[in-house]
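Reviewing the structure listed below.
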Amino acid sequence: MLTLLRRNLFWLRFEVALAIGALVATAVAAPLAKEQDDLLTALSARVVAVLEQSSPAQHHDHGHEVAEGDKVMCAAEAFGTEPPTARRVAEVQVVYATYFCASAKPGTPWDFASRISGPVAVTLANPPVVRTAQAGLGYRDGVKALIPARHHEQAFAGFADHTVPLQVRRRYEAAISRS
157 MLTLLRRNLF WLRFEVALAI GALVATAVAA PLAKEQDDLL TALSARVVAV LEQSSPAQHH
217 DHGHEVAEGD KVMCAAEAFG TEPPTARRVA EVQVVYATYF CASAKPGTPW DFASRISGPV
277 AVTLANPPVV RTAQAGLGYR DGVKALIPAR HHEQAFAGFA DHTVPLQVRR RYEAAISRS
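Those letters in the sequence shown? Residues 157 to 335, by this note's numbering.
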């Protein structure tokens with residue numbers, strides 16, 4: 157009987173230790189996940205600022221035709237960084253994101269706006285450098301060359317939050333369509 161009790165006590169201790177380990181892992185992982193989400197949110201805002209402040213020539217360089225006098229509205233959802241271990245915006249050299257931009261002259265209805273979307277790599281230099289894959293044949297290969305393999309699934313999946321493009325449309329209609 158005593159031997160049976162000792163065996164059960166051993167397993168009980170083991171299970172308690174596992175439960176404590178799981179709680180500690182959760183307590184450590186939750187703040188790290190929030191920290192990563194906060195970083196990606198801040199980087200998404202940086203990508204939007206870079207895209208919206210780019211000149212017509214810079215937009216042309218990354219495949220978006222923007223005429224002088226056009227207004228540009230964008231949204232972005234960051235999904236990765238270089239280095240991948242970055243925890244603060246200041247540590248990030250490159251942001252990988254999905255973006256969506258619409259542009260037109262003030263007063264142009266949404267249906268007639270120039271729109272472009274896809275994965276983007278933004279180097280946070282001075283000035284920032286925006287790189288996208290060339291549309292057309294070889295697009296998938298271009299994306300694979302632009303975005304590291306660890307992020308290919310996210311790069312081809314589009315926005316994780318499907319309301320993001322709708323936010324661009326609302327902003328566009330408020331700022332450009334009604335101008």
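Beta carbons: idealized from backbone N, C-alpha and C, even for Gly.
{"Item": "A311: first and last residue of the uninterrupted alpha helix (DSSP H) it sits in", "Value": "308-313"}
{"Item": "Euclidean distance between Cα positions of P240 and E309", "Value": "16 Å"}
{"Item": "Range covered by the beta strand (DSSP E) that runs through K227", "Value": "227-238"}
{"Item": "Option in V285, S259, S273, Y255 with minimal Cα separation from V222", "Value": "S259"}
{"Item": "Minimum length 3: unbroken beta strand (DSSP E) runs contained in the segment 235-286", "Value": "250-260, 270-279"}
{"Item": "Segment contact flag, the segment 227-245 with the segment 305-323, C-beta cutoff 8 Å, min 3 pairs", "Value": "yes"}
{"Item": "Beta-carbon proximity check, V251 vs T237, cutoff 8 Å", "Value": "yes"}
{"Item": "Through-space distance from V286 to E344, alpha-carbon basis", "Value": "Given that the chain is displayed from residue 157 to residue 335, the structure contains no residue 344 and the question cannot be resolved."}
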